[in-house]
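Residue numbers (this note's numbering): 1427 to 1510.
Okay, structure coming up:
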């Protein structure tokens, strides 16, 4: 009985090791396949495309290229100005 118990415990430990490795691989594959896009990325891209000095026409043109509504672009500019 003692030997059977030892084999059961060993089998469980082996199974846990394999399942841990498998779940880690699946999790990493899911992260690689799922690109993360958010509104912050659009905002950051918009702000990065602006030159050091720009006009309203300049930032609206960039907003159009990124399909950002003009009102949202104005909000990005306002928030960026307030943040410094």
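Glycine residues also receive a C-beta, built at the ideal position from the N, C-alpha and C atoms.
- Looking at the backbone, the Cα of residue 1471 and that of residue 1504 are separated by about 16 Å.
- The beta carbons of residue 1492 and residue 1468 sit about 6 Å from each other, so the pair counts as a contact at 8 Å.
- Judged by DSSP secondary structure, residue 1500 falls within the alpha helix (DSSP H) whose first and last residues are 1496 to 1509.
- Counting only the Cα atoms, residue 1506 lies some 19 Å from residue 1490.
- Going by beta carbons, residue 1494 and residue 1475 fall outside the 8 Å limit.
- With respect to residue 1502, residue 1473 sits close: the two C-beta atoms are nearer than 8 Å.
- The beta carbon of residue 1477 is closer than 8 Å to those of 1484 in its chain, skipping five residues each way along the sequence.
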